[in-house]
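A.B. asks:
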Amino acid sequence: MGRNTHKSGGFTLVELMVVLAVLAVLIGVAVPSFQNITNRNRLTAVTNEMVAALQLTRVEAIRRNARVVFCPTTDGAACGGTNWLRSIVVAPGGEVVREINFEGAGLVVSPSASVDTGDQISFGASGFARAGTTAANRAGGLRVCSTLVNPDENARDVMVNVSRISVTTVASAECAVAPGNQ
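First residue of the sequence shown? That's 3 in our numbering, and the numbers climb one at a time after it.
Right under this line is the structure:
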């Protein structure tokens with residue numbers, strides 16, 4: 003009579019345990035990396051939204067041939083407060099053109115010293131900026147910072163200079179530090 007040479011095609015318990023251990027290590031390494039990528043992308047998205055809001059303010063000022071203001075708001079109906087994470091674009095007569103909520107855990111928005119005087123950035127009919135309420139201030143900006151991103155790449159300065167809007171990546175030891183003050 004012949005021998006039984008039938009072999010099983012499955013995994014042994016030891017092989018299964020090794021595979022699970024390797025998967026656990028890979029997941030343990032990958033999850034923090036994905037978290038960091040997600041936080042950096044959120045910072046970039048909010049920065050882009052900030053630039054878009056400033057560009058909208060400038061375009062509306064030129065279109066309406068009048069000064070249009072970008073400022074923080076507490077109620078969504080008028081300028082007020084200092085929390086730039088909730089902001090509005092306001093046309094002459096107090097008409098709110100758009101309300102913007104910049105959302106994301108760990109985000110902080112700080113104005114430069116020139117913007118801090120009046121907590122606003124506005125554009126006139128010519129498309130030229132005014133940082134704060136002083137007519138001579140043609141330059142200023144906002145720092146968008148994330149406490150959840152590595153300090154060597156955690157801040158973006160959104161700067162307005164005359165009519166140009168630019169973004170610069172900076173390292174910020176503290177997210178509460180205003181742009182240009184570090």
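Glycine is no exception: its CB is placed at the ideal position from the N, C-alpha and C atoms.
Buried or exposed: N183, going by 16 or more other Cβ atoms within 10 Å of its Cβ?
C.D. replies: In this prediction, N183 scores a pLDDT of 48, lower than 50, which makes its location untrustworthy; the coordinate-derived value is nonetheless stated afterwards. The residue is exposed, with fewer than 16 neighbouring Cβ atoms inside 10 Å.
A.B. asks: Determine the burial state of M19: buried for a count of at least 16 other Cβ atoms within 10 Å of its Cβ, exposed for fewer.
C.D. replies: Result: exposed.
A.B. asks: In the DSSP output, which residue or residues are listed as bridge partners for F125?
C.D. replies: Answer by DSSP bridge pairing, in chain order: V70, A131.
A.B. asks: Straight-line CA distance for R88 to R166?
C.D. replies: Those two C-alpha atoms are separated by around 23 Å.
A.B. asks: For the pair the segment 20 to 33 and the segment 55 to 70, tell me if three or more CB-CB distances fall below 8 Å.
C.D. replies: Touching, no.
A.B. asks: Could you name the residues of the same chain whose beta carbon sits closer than 7 Å to that of G79, not counting the 5 residues immediately before and after it, in chain order?
C.D. replies: Strictly speaking, residue 79 in this sequence is Ala, with Gly absent from that position. Hits under 7 Å: V98.
A.B. asks: Checking 8 Å against the spacing of the C-beta atoms, do P74 and N85 come in under that value?
C.D. replies: Yes, these two residues count as a Cβ contact at 8 Å.
A.B. asks: Tell me whether F36 is buried or exposed, calling it buried when 16 or more other Cβ atoms sit within 10 Å of its Cβ.
C.D. replies: Label assigned to F36: exposed.
A.B. asks: Could you tell me whether the segment 127 to 135 touches the segment 91 to 105, using the rule of 3 or more Cβ pairs below 8 Å?
C.D. replies: Not touching, per the Cβ criterion.
A.B. asks: Which term fits P94, buried or exposed, when burial requires 16 or more other beta carbons within 10 angstroms of its beta carbon?
C.D. replies: Exposed.
A.B. asks: In three-state terms, what does DSSP make of S174?
C.D. replies: Coil at S174, not helix or strand.
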